[in-house]
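Residue numbers (the numbering used here): 47 to 245.
Beneath this line is the structure, given in structure tokens, with notes to follow.
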Amino acid sequence: MRALITGIQWTLWKAWWLCSGVFVNFLFFLLGIQQSGWIQFFGIPIVRISKKSRFAIGIKCKFRSSQASNLIGLNRRCTVYVHQNASLTIGNNCGFSATSIGCFEDISIGNNVRVGANATITDSDWHASDSRTRGPKPVRVGNEVWIGANVMVLKGVSIGNNVIIGAGSVVSADIPDNCIAVGNPCQVKRQIKPEDEKE
């Protein structure tokens, strides 16, 4: 009986995700978001795209906004905000779980990037009226990057290729290629060697 109930629940979830995916892909089309192909949506994200902005996204990307789609625990829906005249570019085969992306100038995310639950990527302080803040600065995330759960990627940061950012880290300075970095502030702990990738 339990297996039957679980099977029914799973079937209903898949049907809901399919319907929400069709709806959000159509919404993205209406918003003028440049899509290279079908995007998988698990639940409905929050998206706000300003006039004269650019949002381009590659193929085989996934956005998880439903708590049932990621059992590590999501505390919000995926949220994407692209400010006027800003540019957000996401490459191919990227995955986001309850991720917030706030783009005020320029954010570029490469291919095969995984962003863990409840992480934030932003190129701004979000309080331009406060005299203690400065303007936005571009953010770059390379290819083959894993960003752990609850990570904050702050403005002006460049993360290299083949990088792992440990859960809960605050990335406030550049991270080079081929390394594992963790902490607040996020710092390189060790290099990723070819033998690590074979395991």
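Glycine included, every Cβ here is placed at the ideal spot set by N, Cα and C.
Predicted model only: the values in this text are computed from it and were never measured.
- DSSP places Val68 within a helical segment (H, G or I) once states are collapsed to three.
- An exposed status is given to His173, since fewer than 16 other beta-carbon atoms sit within 10 Å of its beta-carbon.
- For Ser133, the enclosing beta strand (DSSP E) has its first and last residue at 133–136.
- Three or more Cβ pairs closer than 8 Å define a contact, and the stretch 166–184 falls short of that threshold against the stretch 218–236.
- With respect to the 7 Å criterion, Ala213 and Gly188 are not classified as neighbours on the basis of their beta carbons.
- Taking Ile118 as the centre and dropping the five residues before and after it, the same chain places the C-beta of Ser143, Gly162, Ala163, Ala195 closer than 8 Å to its C-beta, in chain order.
- Its chain contains Gln86, Phe87 as the residues whose beta carbon lies nearer than 7 Å to that of Gly67, once the 5 sequence neighbours on both sides are disregarded; these appear in chain order.
- Cβ atoms of Pro91 and Ser111 come within 8 Å of each other, at about 5 Å.
- In the DSSP annotation of this structure, Ala195 is not part of any beta strand (DSSP E), being labelled neither H nor E.
- Beyond the five residues adjoining it in sequence on each side, Asn208 comes within less than 7 Å, by CB distance, of Glu190, Asp223, Asn224, Ile238 in the same chain, given in chain order.
- Taking a 10 Å sphere around the C-beta of Lys235, we find fewer than 16 other C-beta atoms and assign the residue as exposed.
- Ile105 is positioned such that its CB atom lies no closer than 7 Å to that of Val126.
- Around the CB of Asn131, fewer than 16 other CB atoms lie within 10 Å, so the residue is classed as exposed.
- C-alpha of Arg123 to C-alpha of Asn157: approximately 22 Å in a straight line.
- Take Ala165, set aside five residues on each side of it, and the residues of its chain with a beta-carbon closer than 6 Å to its own are Thr145, Ile193, Val197, in chain order.
- Out of Ile167, Arg160, Leu77, Ser99, the CA that lies nearest to the CA of Val128 is found in Ser99.
- Annotation for Ile79: Phe101 place their beta carbon closer than 6 Å to its own, counting only its chain and skipping 5 residues before and after.
- Counted as a single uninterrupted DSSP element, the beta strand (DSSP E) harbouring Gln237 occupies residues 233–237.
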